[in-house]
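Participant: The listed protein sequences correspond, in order, to chains L and C. Quick note, the first sequence lines up with residues 27 to 138 if you use the numbering used here. Quick note, the second sequence lines up with residues -4 to 110 if you use the numbering used here. Supplied in structure tokens, the structure appears directly below.
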Amino acid sequence: DSGVTQTPKHLITATGQRVTLRCSPRSGDLSVYWYQQSLDQGLQFLIHYYNGEERAKGNILERFSAQQFPDLHSELNLSSLELGDSALYFCASSVKSTGELFFGEGSRLTVL
Amino acid sequence: GENVGLHLPTLSVQEGDNSIINCAYSNSASDYFIWYKQESGKGPQFIIDIRSNMDKRQGQRVTVLLNKTVKHLSLQIAATQPGDSAVYFCAENLPSGAGSYQLTFGKGTKLSVIP
């Protein structure tokens, strides 16, 4: 158990819909990263938050957004969903001074 | 999480033998490299890391070798056990100056341990 909690574990929705994925980092970790894992693209960095502020953006679509709240949990919002958004979405947290990321078990999104 | 891709490179190793998993990374400016292990239904798990100012680092039963000349990384697992069966990813980090580790992951190698 990495200490990172993600909900929901599975989500099935339709094209055009909007979903919110939630992540609770390990106790004491200020950094939260979001990654997408798909069959064709592998693991791709989406976005990084540190102590409530956005630090870096990767290959995140404009239809996607994220935020980190004062209690350090984070949410990834995916809107106008397309079939190609079906993937595993991972959250990871870390101690600021290292790149050792602790990943949650992921949220599997299926868009029908 | 499921294995990435339908055509992952696969390495089959007899239990007790040593395993070597290779990775070619893409950016010569990358300064930090990590190996992750992903078991079925789980998120990636950190195994070992190495900074670009080193060429070898050892952990418990694992060794990472870095060859910057040819942009190559390898993971050696000693006395491979059935519990080592998983997909292994190398990841590289490009320094961003923002205190952010934007890891670029490789496609992964599936290790199967034969009892």
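All C-beta atoms, glycine included, are put in the ideal place defined by N, C-alpha and C. Remember, predicted model here, so these are calculated numbers, not experimental data.
Taking any Cβ of chain C, which residues in the region 69 to 97 of chain L have a Cβ under 8 Å from it, in chain order?
Facilitator: Going along the region 69 to 97 of chain L in chain order, one finds Leu69, Gln70, Phe71, His74, Tyr76, Arg81, Ala82 and Gly84 with a Cβ nearer than 8 Å to chain C.
Participant: What are the residues of the region 94 to 107 of chain C that lie near chain L, defined by any Cβ-Cβ distance shorter than 9 Å?
Facilitator: Residues passing the 9 Å Cβ filter: Gly94, Ser95, Tyr96, Gln97, Leu98, Thr99, Phe100, Gly101, Lys102 and Gly103.
Participant: Where does C/Gly78 fall in DSSP's three states?
Facilitator: Of the three classes helix, strand and coil, the one that applies to C/Gly78 here is helix, per DSSP.
Participant: Quick one: which chain L residues come within Cβ less than 9 Å of C/Ile29?
Facilitator: By Cβ distance, chain L contributes Gly125, Glu126 and Leu127.
Participant: DSSP three-state call for L/Leu56: helix, strand or coil?
Facilitator: Note: L/Leu56 maps to coil in three-state DSSP.
Participant: Could you check how far apart the C-beta atoms of C/Gln53 and C/Ile15 are, in whole angstroms? I think they sit under 8 Å.
Facilitator: Actually they are not in contact, since the Cβ atoms of C/Gln53 and C/Ile15 sit about 14 Å apart, beyond 8 Å.
Participant: Taking the alpha carbon of C/Ile42 as the reference point, which residue from C/Trp30, C/Ser35 and C/Glu34 has its own alpha carbon closest?
Facilitator: If we check each option's Cα against that of C/Ile42, C/Trp30 comes out closest.
Participant: Output needed for C/Leu89: all residues of its chain with C-beta closer than 8 Å, excluding positions within five of it in sequence on either side, in chain order.
Facilitator: Here the set comprises Asn22, Ala24, Ser25, Asp26, Gln97 and Thr99.
Participant: Using only the alpha-carbon positions, how far apart do C/Leu68 and L/Glu131 sit?
Facilitator: The alpha-carbon atoms of C/Leu68 and L/Glu131 are separated by roughly 26 Å.
Participant: Would DSSP call L/Asp111 helix, strand or coil?
Facilitator: Here L/Asp111 sits in helix by DSSP.
Participant: Could you name the residues of chain L that C/Ser21 contacts, counting a contact when the two beta carbons are closer than 9 Å?
Facilitator: Going along chain L, no residue has its Cβ under 9 Å from C/Ser21, so there is no contact; the nearest lies around 13 Å.
Participant: Looking only at its own chain, which residues have a Cβ that is under 6 Å from the Cβ of C/Glu(-3), when we skip the five neighbours before and after it?
Facilitator: Because the pLDDT at C/Glu(-3) is just 40, under 50, the model does not fix this residue reliably, and the value given afterwards should be weighed accordingly. Excluding residues within five positions, none has a Cβ falling inside 6 Å.
Participant: Which residues does DSSP list as the beta-bridge partners of C/His67?
Facilitator: C/His67 pairs with C/Ala19 and C/Asn62.
Participant: Can you name the residues of chain A whose CB is closer than 7 Å to the CB of C/Gly38?
Facilitator: No chain A is part of this structure, whose protein chains are labelled L and C.
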